[in-house]
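Q: Before we start, here is the structure in question, set down as structure tokens.
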Amino acid sequence: MKPQQETIAKLLDSLLFRMDEKTEMILKCLDMLTEKELWQRPNEVSNSAGNLILHL
4 MKPQQETIAK LLDSLLFRMD EKTEMILKCL DMLTEKELWQ RPNEVSNSAG NLILHL
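Letter by letter, the sequence shown follows residues 4 to 59 of this note's numbering.
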């Protein structure tokens, strides 16, 4: 494998690992919220956590 391809492969491995890691963290945090808290908007111009999660 060429050095450039090796670097890209390592980068992809790292990115996939971090995505899995962060997904797990997000799910743990979501489990701590009630349904009401998940969809509660802090103010009129902000989105709820649930709405933000829909975009992930």
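Ideal Cβ placement from N, Cα and C applies to all residues, glycine included.
1. Considering just the uninterrupted stretch of the alpha helix (DSSP H) at ASN54, what are its terminal residues?
2. The alpha helix (DSSP H) with ILE21 in it runs from where to where?
3. Which stretch, first to last residue, makes up the alpha helix (DSSP H) that contains GLU40?
4. Whole angstroms is fine: what's the gap from MET4's alpha carbon to HIS58's?
A: With the given structure in hand:
1. 52 to 57
2. Checking the displayed sequence, the identity of residue 21 turns out to be Arg instead of Ile. Run containing ARG21: 6 to 34, per the alpha helix (DSSP H) assignment.
3. 38 to 42
4. MET4 and HIS58 have their C-alpha atoms roughly 36 Å apart.
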